[in-house]
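Enquirer: Basically this note's numbering = 1-based index in the sequence shown + 3.
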Amino acid sequence: MEDSLPVHAKVHNPLIAVAMILIAMLSLQGGAALAKSLFPIVGSQGVTALRLGMGSLILLLYFRPWRLKVRGGNLRSLLIYGLALGCMNYTFYLAIRTVPLGIAVALEFTGPLAVAMFSSRRPIDFVWVLLAVIGLWFLLPIGHSVSGIDPTGACFALIAGACWAVYILAGQRAGSSYGPGTAALGSTIGALIFCPIGIAQAQSGLFSLDILPIGLGIALLSSALPYSLEMMALTRLPAKTFGTLMSMEPAMAAFSGILFLDELLTPMQWLALIAIIAASAGSTLTVQKRSKIRAIKVDPQ
């Protein structure tokens, strides 16, 4: 899924780069766990508003996109990218209201996995598709599945995955015009659309002096810190190594859910989660050097 980077890139301090990725994933999932702890107070919509609103301000101050040179100005793709980013966050938080964090991230991973699969149709890719389908079969409450997963939450997680896929494809085009400022601009568009929904739901409670610092922590853990660490790691690791490590995100989410939210998974759910991780890692390791889909920076939550 990150196959646009040169596979021959020099590796400087690879262990440090791996540590950066692991810290980024822990930060991202720690931010999601912290966000979930606020649901009883301001609701998932209110947390979405805090994450997108404060995250956008941080990214705008960091990238200052108004100073960047725009090439082509693909406004339509930028708007779609921002809408997908906002919807991805909104539906993901709706999902983790009733679904364990690790399971929600695994279901959401079907989005980028689908993008990777559709970019190549070699026989080996059907192995990864089959693994992903097996994982989904045991996670989703369908047929004779023994999953204990809430169907509404599972649907929201899959919608978040679909938004993630759109985010990748639209971001690829928008990024060619807006460069490094794409994330800041897209996040701002998402905030303008979804912050009013969160404010309407949480009302004045969202602006409490007890809540705002936690919201800032969520924005830092879920946006600024992991984004910066992943960007630094990208320059130090080959694309396949980076993509394979990122495939571990559902496992990191599951461990975060256990540590911070007491969300214990059943053995069957762990097996399903491992199947999806294996499908994601396998698709990355066997990706063709030239793919129809170029990679862009992706952040699920």
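For each residue, glycine too, the CB sits at the ideal point set by N, CA and C.
Taking all protein chains shown into account, do 16 or more other C-beta atoms lie within 10 angstroms of the C-beta of D213, making it buried, or fewer, making it exposed?
Expert: exposed
Enquirer: Hey, A222 and S250: beta-carbon distance below 7 Å or not?
Expert: No, they are not a contact pair.
Enquirer: Just confirm the distance between the C-beta atoms of A135 and A282, as a whole number of angstroms; I'd bet it's less than 8 Å.
Expert: Between A282 and A135 the Cβ distance is about 4 Å, and since that is below 8 Å, they are a contact.
Enquirer: In the structure shown, what three-state DSSP assignment does V102 receive?
Expert: coil
Enquirer: First and last residue of the alpha helix (DSSP H) that includes D213?
Expert: Here D213 belongs to no alpha helix (DSSP H), and DSSP marks it neither H nor E.
Enquirer: So what's G156 in DSSP terms, helix, strand or just coil?
Expert: It is helical.
Enquirer: Does the Cβ of L188 have 16 or more other Cβ atoms within 10 Å, making it buried, or fewer, making it exposed?
Expert: By the C-beta density criterion, L188 is buried, having at least 16 other C-beta atoms within 10 angstroms.
Enquirer: Would you kindly work out how many angstroms separate the C-alpha atoms of T244 and L25, rounded to a whole number?
Expert: 13 Å
Enquirer: Should I162 be listed as close to the ligand MG, given that the test is whether its C-beta is under 6 Å from any heavy atom?
Expert: Here there are no bound small molecules, and the ligand MG is not part of this structure.
Enquirer: Is W69 buried or exposed, if buried means 16 or more other CB atoms sit within 10 Å of its CB?
Expert: exposed
Enquirer: Identify which residue in I83, F42, I196, S40 has its Cα closest to the Cα of G178.
Expert: I83
Enquirer: Buried or exposed: where does P17 fall if 16 or more other Cβ atoms within 10 Å of its Cβ makes it buried?
Expert: exposed
Enquirer: Out of A205, F159, P115, state which residue places its alpha-carbon closest to the alpha-carbon of V45.
Expert: A205
Enquirer: Do you know how far the Cα of L248 is from the Cα of T289?
Expert: So the alpha carbons of these two residues sit roughly 14 Å apart.
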